[in-house]
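Keeping their order, the protein sequence lines are chains A and B.
Using the numbering used here, you'd call the opening residue of the first sequence number 1 and step up by one each time.
Using the numbering used here, you'd call the opening residue of the second sequence number 1001 and step up by one each time.
Encoded as structure tokens, the structure appears first; notes follow it.
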Amino acid sequence: MATPGCRDFQNSFESWMEGELPPEARAHVSDCRSCARLIEDLSSIRLAANEWNASEEPPARIWTSLRAQLVEEGLIREPQSKQKSGLLHGWFPQTPRPVLAGAYLAALVAIAFSMVGPVKRHVNHQRWMEGTENSTAMLSAQLNTAEQNVELADPNPVITASLHQNLAIVDNYISLCEKSVSEDPEDEVARDYLFDAYHTKADLLAQISERGDYGR
Amino acid sequence: MNTSLFHSTQFNWKAGLLVPGLLLCGVSAASADRLEKHFKVEPNPVVTIHNPDGIITVRAWTKREVMVVANRVSSEVDLEIEQSGNRVDIMTHQVSDTVAPADLHADYEISVPQDAELQIHDDAGAVTVSNVLGDMNVETVAAGVDLQDAAGYLTVKTVGGSFQCIRCSGHLDISSISGSFRLIDLRSNHVHAQTSKGNILFDGQFLPNGNYFLKNYSGDITVRFSPGDSFDLSATSYKGKVNTQAQLTPPAQGHHFWHPKFGNSLFGSLNNFGRAKVDLSSFDGTINILKRD
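Here it is, written out as structure tokens:
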């Protein structure tokens, strides 16, 4: 539960994150488990965000952790003989591409969402906007790359038409949501719909990718 | 054991005569493109179906066996129907890469014990399942899915196919991109339904402590309620409208509800016993909360 001390600390929170550590704030953090945990979480997120921006490929520890989770949840299957090279193959050489694609893209969306979500109340508009743009630009690029690697054409023209049509629908929603987010980057609902649309597209691309491996 | 069928009817007929032990149960070819197979199963069998295009009809019956009646359109598709332990796998696949789209089609009528678990993948056509109480996972691209009197953990995922569920219970998780959902006479304590461009109709019971989450980007979300229902409602359309016929009690003092800057939102409770949680959200669609006739 927030105490006056917590409120005072949170009012000067941005300064703390900028590196200003007045004695009274330090004393509060050492006594208040809630604020200490908040500082830890946000520092981790900021660190992850910095690392993320530093290179195109996310840090290896993220993939190690992700892989461990995929194994734990049984999403990673035994290696198949016909592996296709691609975007994800180098990171998880023993994992079937479709399974990994879906899990990877979903995780990517989740990670990006978690990175831009909690810091909302504590940063100014410009920084928030930059954070949103960074994460969405990265997601867009990854999804576009994934889209280029999947085969939309199906022997059945009904299926091909449906996939094209629905991909266009999702792209349209992404555009609409991006517009809403750019108009008001702090709008939580717009962001929620935007990341949901990204997730839907990731899911659809994974589904298309999986289809390519069955029935042929 | 793999029983690859329909390379030619004549071949299968001879094979059936010469190697009857190869088939686990009886096979009778009533016509050139019809196959009927029976498999004895234990309680809670698993039936998987992979079909690129066709009508799949699954019904529950009282026998402890799975009966598969398959009809294919041409010999350009091959059907594999095999039993492995307590699992029956059914798969349609093309014989060559030059199959005409119209030939990539097979219909199945499948009878299963009521406690069977189903895993169905049908890209186009239609899927109908009735009276099956086991868990179910259905994935389609354009095929519509129609469930009746189903229970268990139901997961349905379509790209453009619509979904209808009549008198279903258990746990329901549905997602689509452009498919519409009709949930009629539902008796489920967990419903998670999300579509991008489709309508959602919920006309069922709100069970005590149940969770009902319905979301779309555009299209109508319509929920019907009875005056005796009890639920906490959150309904938000970001750029659309929310219409209600429910006389809701405002949220309790001190209870935090977040309100968006835009759109139309409605928060409140109907009756105060055994509340269900109802969460309706749309990007620019219309949400209707209507009294049941």
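Beta carbons are placed, not taken as given, at the ideal position from N, Cα and C, and that holds for glycine.
| query | result |
| --- | --- |
| Closer than 7 Å: Ser1175 (chain B) CB and nearest the ligand MG heavy atom | Within the structure as shown, the ligand MG is missing, as the structure has no ligands at all. |
| Local Cβ density within 10 Å of Lys1117 (chain B), reported as buried at 16 or more and exposed below that | According to the sequence shown, residue 1117 (chain B) is Glu rather than Lys. With 16 or more Cβ atoms within 10 Å of its Cβ, Glu1117 (chain B) is classed as buried. |
| From B:Asp1135, B:Met1136, B:Ile1200, B:His1171, residue whose alpha carbon lies closest to that of Gln1164 (chain B) | B:Ile1200 |
| Alpha carbon of Asn1271 (chain B) to alpha carbon of Asp1293 (chain B), nearest angstrom | 19 Å |
| Residues of the stretch 1131-1160 of chain B with Cβ closer than 7 Å to any Cβ of chain A, in chain order | Val1141, Ala1142, Val1159, Gly1160 |
| Neighbour flag for Ser209 (chain A) against chain B, beta carbons, 8 Å | no |
| Classification of Leu204 (chain A) by the beta-carbon crowding that lies within 10 angstroms, buried from 16 upward | buried |
| Spatial distance of Gly5 (chain A) from Pro1251 (chain B) (CA atoms) | 29 Å |
| Rounded C-alpha distance that separates Ala1246 (chain B) from Thr1158 (chain B) | 32 Å |
| Within-8 Å CB hit, Pro1227 (chain B) to chain A | no |
| Residue span of the alpha helix (DSSP H) that contains Ile169 (chain A), given as start and end | 157-183 |
| Cβ neighbours of His1190 (chain B) in the same chain (closer than 7 Å, five flanking residues each side left out) | His1171, Leu1172, Gly1210, Asn1211 |
| His1192 (chain B) - partner residues in DSSP beta bridges | B:Asp1173, B:Phe1213 |
| Alpha carbon of Ile1287 (chain B) to alpha carbon of Val1127 (chain B), nearest angstrom | 28 Å |
| Contact with chain B by Pro155 (chain A), beta-carbon distance below 8 Å | yes |
| Proximity below 8 Å, CB of Thr1092 (chain B) to CB of His1050 (chain B) | yes |
| Residues that Ser1196 (chain B) contacts on chain A, provided the C-beta gap is smaller than 7 Å | Ile169, Val170, Tyr173, Thr200 |
| Three-state secondary structure assigned by DSSP to Gln1205 (chain B) | coil |
| Helix, strand or coil at Tyr1238 (chain B) [DSSP, three-state] | coil |
| Of the residues B:Pro1208, B:Asp1185, B:Ala1106, B:Ile1177, the one placed nearest Ala1193 (chain B), counting alpha carbons only | B:Ile1177 |
| Beta carbon proximity, Val1099 (chain B) to chain A, threshold 8 Å | yes |
| Spatially closest choice to Asp1097 (chain B) from A:Pro155, A:Met138, A:His28, by CA coordinates | A:Pro155 |
| Residue environment, Phe1273 (chain B), which counts as buried when at least 16 other CB atoms sit within 10 Å | exposed |
| Meets three-Cβ-pair contact criterion under 8 Å: the stretch 1105-1113 of chain B and the stretch 1073-1089 of chain B | yes |
| Pair within 8 Å by beta-carbon distance, Pro157 (chain A) and Pro1101 (chain B) | yes |
| Chain B contact for Pro98 (chain A) (CB, 8 Å cutoff) | Residue placement at Pro98 (chain A) is flagged as unreliable, the pLDDT there being 46, under the threshold of 50; the coordinate-derived value follows with that caveat. Not closer than 8 Å to any Cβ of chain B, the Cβ of Pro98 (chain A) fails to qualify, so no. |
| Rounded Cβ spacing between Arg1224 (chain B) and Leu1147 (chain B) (contact assumed at less than 8 Å) | So it is not a contact: roughly 19 Å between Cβ atoms. |
| Where the beta strand (DSSP E) through Ala1106 (chain B) begins and ends | 1106-1113 |
| Closer than 8 Å to chain A by CB, Pro1251 (chain B) | no |
| Leu1183 (chain B) in three-state terms, based on DSSP | strand |
| Touching by the beta-carbon criterion (3+ pairs, under 8 Å), the stretch 1149-1158 of chain B and the stretch 1080-1087 of chain B | no |
| Cβ-based burial, Pro1045 (chain B) [other Cβ within 10 Å; buried from 16] | buried |
| Cβ pair Tyr198 (chain A), Tyr1217 (chain B) closer than 8 Å | no |
| Same chain, Cβ closer than 8 Å to Asn1131 (chain B), neighbours up to 5 away in sequence not counted | Arg1059, Ala1060, Gln1114, Gln1148, Asp1149, Ala1150 |
| Distance CB(Ile208 (chain A))-CB(Leu152 (chain A)) smaller than 8 Å | yes |
| Range of the contiguous beta strand (DSSP E) that encloses Glu1036 (chain B) | 1034-1040 |
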